[in-house]
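**Student:** Can you keep this structure in mind? I'll have questions shortly.
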RNA sequence: GCCUAGGUGGUGGAACUGGUAGACACGCAGGACUUAAAAUCCUGUUCCCGUUAAGGGAGUGCGGGUUCGAUUCCCGCCCUAGGUACCA
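Residue numbers (my numbering): -18 to 908.
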């Protein structure tokens, strides 16, 4: 019987499903291992061959770990709230839940075809009420929490209230809004309920506040910073503008430092860690106040170079800075207003594009230098950002290039402050020299000057050391329908939580999925949707990242009605040991998940500071487009003649995308091409060597480029095992690479060879019970060792090559020994589970039991060489013949030396500690 | 500009701590089997010189360096991909 992938794969997929082979439980003495894939958003387009790359890798790893005796949790689910289903609903009126359900079913079918070992009994869907009930519950916990900086953790808001009740606002060290009240115990107790709630809102980790948001008019919703790329929306690429709105936010900034510190404890790809580090953007510096006597106020600036303070020759405010209007003198008013008007009209995109031109305006006012007391001019300019630091900078033209250009342009003084500076052409920010023109720090170096200055500023109450973060709080509301309702109602204009036992707050039905006529979010259309029939619910829904910020917990205990995951389950599974997914989530999902994880830890729900111990980014699989070249006539119009790639330069041609599914190894299937469109039916071709060769280009995989390859088609032709092996064979997991099927035949051929090892020439199943030869053991143990090493370092592509070598060797040896083949199957099982299960049961083992087999033990003895003899040279100076060995003990070294007096002579009687052999040659001796 | 990763045959890629560069696969060429095709198997395949062969030379983006020995380490440069950008 020949290898029939279709019947084998169907048989085993059904077997695994019927027997719940991969169902996982906590009740075991085995060590646990948690392997997680980033769950997909179920889009209408279904899976293409790029999607499963990471899933295949994680499945191989999971199966390998199971064989190695671990209790593996390997679940899958769907991030099923999101924009595309809602956009589809707007167009067609179909409820997003129906679209989503259909898409999920399609995804499931495609996933099943690949033969993954997921425990489907643990599936989660973020849009199901049983799931989002707990998303809402976590939101409630966040609303009911504040961040105690002293304890460096979040606590229940009750502990803050009791502090207010016993000692007022005195001594509270909390992460909060900027403008907080200070009050005594009596004042607090006399506050009205509304006043108390208003004040508490400034401390809550989920809070409502008027803030500047990224508003996307085309999508009709606000977006978080990570959802805005280069000034346009991540989804759809629509323009985004800044707008002030009442918005729900998450006080992620409270965790900035812990999020930063945690990065050192986890095993993530360096680029990704770097991205998070930059996103958090910690700067250590100082805040300095420049007094403005006429307003009896100060301008506060943040600087990372307080040592350059004597080089300050002016101050620059962001055009939006709150003091600008008060500082503007009568004579400068027109100029300032014109400048503000000009900059406010610039869109985010223009501002990003134009960073070269220097622009700004003088307010006419002066501030006092905090140390010298001299007057410094106050300017406004759009190179200072309102959103970072205090929205004001002290300008040091000699040390900062932007300040330098600004000073040159407006003819402002440039004061050198270091004896090592060269400021003839540009600012010089080096910290190496001794200070000059700098009063009491003259002659000091950087390390001495900074603490001296901080001390001085503190004594004058005009400055202090400060740490600043680039990261902003995350906007949490979305003015959309298809998301989790926020479990909040409004009373006296203030938000209150609904009761825990009233969860889930179900998403109400609406007649249309568009904003209301008055501009409220779609939930405003839900008729009679009121809390206790009188209070307005929050009409925004949660953002896409809400449901994905804790889902790995739900897999641990997906059916629990009493809590998001039981203490026992959480204590058993702890954190995700291996997480595989794309790097596009670096500053979104992966940051928010770490935040929520830390928060839930603070409240005592689990003990893991970091949710994902090890992370691997699989590279994107790009499309490989094929082109045909249509010949143009004299007028440049397309004819119905097509010329092969190699001859196209002899003609005037127009390249056209051609469906990659009718091209094989870049050779066009002419008949299928003719059938593909009616006007191609009489197409003519100019061939080379009797073939039509297509051109190629690497592009993103998309329908419009006719380069989408559906895994189902590959599976039908070659089988899931071939697909799995081939996707791994394609190249390193973490590297982006174009999809091409040019080499898939080789992998398919390999599987047929495996099959044939178990069958005789007539195709009958036949294995021998004889004791294998040394050579056979060697082939086997080479692959055992190689695959162990490769899987542990996620180098799956080299394993596939090693399998091919192994099977070629066994074929050459005509080996069909049970002892060899049985172990080979176990090693191959993670990569090609269907064929191995089939052959395993043909060997007479219990059906389906390879999933529980024991991984064969590697024995290095089989790899030790005993044959002779290569001519070798040492230091290029002598030649001799020596036995081959991998590793030698002292007696073996002596033996070799005794047998080779030439070497003895060369070594001049010095004792040899070690002989280093490489692939059978002495390459060095350690004396 | 800055950060990160990378640059190896016709192609995808291997070479793990410095040790036979090009494993494995695709493609291509030739051959066996076959009436023929498919399938399968065998041989060759970095480039250049050498009629074949024996043999020789060059070679991992470019230019230097360290080393008995460099795809690997160091210095300078070029290019590609991803990220990021008036962050004070």
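Quick reminder that beta carbons are idealized off the backbone N, C-alpha and C, glycines included.
If you draw a straight line from the alpha carbon of residue 538 to that of residue 797, how long is it in whole angstroms?
**Tutor:** Indexing the first chain from 1 puts residue 538 at position 557. Indexing the first chain from 1 puts residue 797 at position 816. Roughly 46 Å separates the two Cα atoms.
**Student:** Taking the alpha carbon of residue 479 as the reference point, which residue from 497, 457, 512 has its own alpha carbon closest?
**Tutor:** Mapped onto the first chain, residue 479 falls at position 498. Per the Cα distances, 512.
**Student:** In whole angstroms, give me the CA-to-CA distance for residue 77 and residue 527.
**Tutor:** The count along the first chain starts at 1 and reaches residue 77 at position 96. The count along the first chain starts at 1 and reaches residue 527 at position 546. If you take the alpha carbons of residue 77 and residue 527, they lie about 18 Å apart.
**Student:** For residue 687 versus residue 609, is the C-beta distance shorter than 8 Å?
**Tutor:** Residue numbering aside, residue 687 sits at position 706 when the first chain is read from its first letter. Residue numbering aside, residue 609 sits at position 628 when the first chain is read from its first letter. Cβ atoms of residue 687 and residue 609: not closer than 8 Å.
**Student:** Mind pulling the beta strand (DSSP E) runs of 3 or more residues that sit fully within the stretch 671 to 702?
**Tutor:** 676 to 680, all fully within the stretch 671 to 702.
**Student:** Please work out which residues of its chain come closer than 8 Å, Cβ to Cβ, to residue 890, disregarding the five sequence neighbours upstream and downstream, and give them in chain order.
**Tutor:** To locate residue 890, count along the first chain from 1; it is residue 909. Because residue 890 sits at a pLDDT of 48, beneath the cut-off of 50, its placement in the model cannot be relied upon, and the point is left open.
**Student:** Using the rule of at least 16 other Cβ atoms within 10 Å of the residue's Cβ for burial, across every protein chain shown, is residue 46 buried or exposed?
**Tutor:** Taking the first chain and counting its residues from 1, the one referred to as residue 46 is at position 65. Buried: at least 16 other Cβ atoms inside 10 Å.
**Student:** Taking the C-alpha atoms as reference points, what is the distance between residue 356 and residue 195?
**Tutor:** Along the first chain, one-based indexing puts residue 356 at 375. Along the first chain, one-based indexing puts residue 195 at 214. Taking the straight line from one Cα to the other gives about 38 Å.
**Student:** Residue 29: which of 230, -10, 92 sits nearest, CA to CA?
**Tutor:** In the first chain, residue 29 corresponds to position 48, counting from 1. Per the Cα distances, 92.
**Student:** Which same chain residues end up closer than 8 Å to residue 563 when comparing Cβ atoms and leaving out the 5 residues on each side of it in sequence?
**Tutor:** For this step, residue 563 is matched to residue 582 along the first chain. Taken in chain order, the residues that qualify are 19, 35, 598, 599, 601.
**Student:** For the alpha helix (DSSP H) that residue 432 lies in, which residues bound it at each end?
**Tutor:** On the first chain, residue 432 is found 451 positions in, with the first residue counted as 1. Run containing residue 432: 427 to 440, per the alpha helix (DSSP H) assignment.
**Student:** On the DSSP bridge assignment, give the partners of residue 129 in chain order.
**Tutor:** Translated into positions along the first chain, residue 129 becomes position 148. Its beta-bridge partners are 134, 155.
**Student:** Would the stretch 314 to 323 count as touching the stretch 253 to 266 if we require 3 or more Cβ pairs under 8 Å?
**Tutor:** Taking 8 Å as the limit for Cβ pairs, the verdict is that the stretch 253 to 266 does not touch the stretch 314 to 323.
**Student:** With 16 as the cutoff for other CB atoms within 10 Å, does residue 721 come out buried or exposed?
**Tutor:** In the first chain, residue 721 corresponds to position 740, counting from 1. The residue is buried, with at least 16 neighbouring Cβ atoms inside 10 Å.
**Student:** For residue 299 and residue 283, I'd like the C-alpha separation in whole angstroms.
**Tutor:** In the first chain, counting from the first residue as 1, residue 299 sits at position 318. In the first chain, counting from the first residue as 1, residue 283 sits at position 302. Near 13 Å, if we compare the C-alpha coordinates of residue 283 and residue 299.
**Student:** Where residue 425 and residue 415 are concerned, what is the direct C-alpha to C-alpha distance, given to the nearest angstrom?
**Tutor:** For the purposes of this step, residue 425 is taken as residue 444 along the first chain, with counting starting at 1. For the purposes of this step, residue 415 is taken as residue 434 along the first chain, with counting starting at 1. So the alpha carbons of these two residues sit roughly 5 Å apart.
**Student:** Alpha carbon to alpha carbon, how far is residue 126 from residue 552?
**Tutor:** Stepping through the first chain from its first residue, residue 126 is reached at position 145. Stepping through the first chain from its first residue, residue 552 is reached at position 571. Answer to the nearest angstrom: the Cα atoms are 23 Å apart.
**Student:** Quick one: grab the DSSP three-state call for residue 916.
**Tutor:** Since the first and last residues shown for the chain are -18 and 908, residue 916 lies out of range.
**Student:** Using 8 Å as the Cβ pair cut-off and three pairs as the minimum, do the stretch 707 to 725 and the stretch 738 to 753 touch?
**Tutor:** Cβ pair count under 8 Å is below three, so no.
**Student:** Excluding sequence positions up to five away, which residues of its chain have a Cβ less than 6 Å from the Cβ of residue 409?
**Tutor:** Translated into positions along the first chain, residue 409 becomes position 428. Closer than 6 Å at Cβ, skipping near neighbours: 402, 403.
**Student:** Counting only runs of 4+ residues fully inside the stretch 775 to 857, write out the alpha helix (DSSP H) ranges in chain order.
**Tutor:** Qualifying alpha helix (DSSP H) stretches, in chain order: 777 to 793, 799 to 809, 814 to 823.
**Student:** Which whole-angstrom value describes the C-beta separation of residue 628 and residue 620, a residue pair presumed to lie in contact below a C-beta threshold of 8 Å?
**Tutor:** Looking up residue 628 in the first chain gives position 647. Looking up residue 620 in the first chain gives position 639. The pair is not a contact, with the Cβ atoms about 15 Å apart (cut-off 8 Å).
**Student:** Going by alpha carbons, who is nearest to residue 432 out of 827, 339, 285?
**Tutor:** By 1-based counting over the first chain, the position of residue 432 is 451. The candidate whose alpha carbon is nearest that of residue 432 is 285.
**Student:** Check whether the Cβ atoms of residue 413 and residue 352 sit closer than 8 Å, and answer yes or no.
**Tutor:** The sequence position of residue 413 within the first chain is 432, counting from 1. The sequence position of residue 352 within the first chain is 371, counting from 1. Not a contact, by the Cβ cut-off of 8 Å.
**Student:** Can we say the stretch 47 to 62 touches the stretch 777 to 790, given the rule of at least three CB pairs closer than 8 Å?
**Tutor:** The stretch 47 to 62, when compared against the stretch 777 to 790, does not touch it at the 8 Å Cβ threshold.
**Student:** Could you tell me which uninterrupted alpha helix (DSSP H) segments, each at least 4 residues in length, are contained entirely in the stretch 521 to 609, listed from first to last along the chain?
**Tutor:** You should have 526 to 529, 532 to 535, 548 to 554, 570 to 583.
**Student:** Where does residue -7 fall in DSSP's three states?
**Tutor:** Taking the first chain and counting its residues from 1, one reaches residue -7 at position 12. Here residue -7 sits in helix by DSSP.
**Student:** Here's the rule I'm using: 16 or more other beta-carbon atoms within 10 Å means buried, otherwise exposed. How should residue 596 be labelled?
**Tutor:** Taking the first chain and counting its residues from 1, one reaches residue 596 at position 615. Burial call: buried.
**Student:** CB-CB under 6 Å to residue 209, same chain, minus the five flanking residues each way: which ones, in chain order?
**Tutor:** Locating residue 209 in the first chain gives position 228, counting from the first residue. Excluding residues within five positions, the ones whose Cβ falls inside 6 Å are 195, 221.
**Student:** Tell me the residue span of the beta strand (DSSP E) that contains residue 916.
**Tutor:** Summary: the structure shown does not reach residue 916, with the chain confined to residues -18 through 908, and so no result is reported for it.
**Student:** Cβ of residue 293 within 8 Å of Cβ of residue 350?
**Tutor:** Numbered from its first residue, the first chain carries residue 293 at position 312. Numbered from its first residue, the first chain carries residue 350 at position 369. Yes, these two residues count as a Cβ contact at 8 Å.
**Student:** Since residue 742 and residue 253 are thought to touch, with beta carbons under 8 Å apart, how far apart are those beta carbons, to the nearest angstrom?
**Tutor:** Along the first chain, one-based indexing puts residue 742 at 761. Along the first chain, one-based indexing puts residue 253 at 272. Going by Cβ atoms, the distance from residue 742 to residue 253 rounds to 53 Å, so no, they are not a contact pair.
**Student:** Would you decide whether residue 60 is buried or exposed? Buried here means 16 or more other CB atoms lie within 10 Å of its CB.
**Tutor:** Residue numbering aside, residue 60 sits at position 79 when the first chain is read from its first letter. Buried, since its Cβ has 16 or more Cβ neighbours within 10 Å.
**Student:** DSSP beta-bridge partners for residue 224?
**Tutor:** Start at 1 with the first residue of the first chain, and residue 224 comes out as number 243. DSSP lists 194 as partners of residue 224.
**Student:** DSSP three-state label for residue 177, please.
**Tutor:** Here residue 177 is taken as the residue at index 196 of the first chain, counted from 1. Reduced to three states, the DSSP call for residue 177 is helix.
**Student:** What does the alpha-carbon distance come out to for the pair residue 118 and residue 500?
**Tutor:** Mapped onto the first chain, residue 118 falls at position 137. Mapped onto the first chain, residue 500 falls at position 519. Approximately 28 Å, taken between the alpha carbons.
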